Amino acid sequence: MDSLSREDRIVGCLLGGALGDAIGAQFEGCPRAPDFEIPSELQITDDTQLTLATCESIVETGAVDPESIANHL
Numbered sequence: 002m003d004s005l006s007r008e009d010r011i012v013g014c015l016l017g018g019a020l021g022d023a024i025g026a027q028f029e030g031c032p033r034a035p036d037f038e039i040p041s042e043l044q045i046t047d048d049t050q051l052t053l054a055t056c057e058s059i060v061e062t063g064a065v066d067p068e069s070i071a072n073h074l
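Dropping the structure here:
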């Protein structure tokens, strides 16, 4: 794992988060997730969209700038 670049680790983290978001979206608000099958088509939620907007802002500005993040939403 040490051979992965910082960029690869960040991309992997974002992809893993988006995949978990898309798979788990069908259970949002459920008290307990029942047995399930992964749907053939997945769709991300606003959680991933907000994460990506935040990342785009950080890449663009080089800092965590709330105003820039808001502009990316």
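Residue numbers (my numbering): 2 to 74.
Heads up, the beta-carbon is just placed ideally off N, CA and C, and yes, glycines get one too.
Source: prediction; values computed, not measured.
Note the first and the last residue of the continuous alpha helix (DSSP H) segment covering residue i.
i   : result
L15 : 7-25
A54 : 47-62
P67 : 67-73
Does the Cβ of residue i have 16 or more other Cβ atoms within 10 Å, making it buried, or fewer, making it exposed?
i   : result
S4  : exposed
S58 : buried
D22 : buried
Under 6 Å Cβ to Cβ from residue i, same chain only, skipping five residues before and after it: list those, please.
i   : result
H73 : A54, E57, S58
A26 : T46
With H, G and I counted as helix, E and B as strand and the rest as coil, what does DSSP make of residue i?
i   : result
F28 : helix
Within a Cβ cutoff of 7 Å, which residues of the same chain sit near residue i, ignoring the five residues on either side of it in sequence?
i   : result
G13 : none
D66 : S58
Using a Cβ-Cβ cutoff of less than 8 Å, which residues in the same chain neighbour residue i once the five nearest sequence positions on both sides are dropped?
i   : result
L51 : L74
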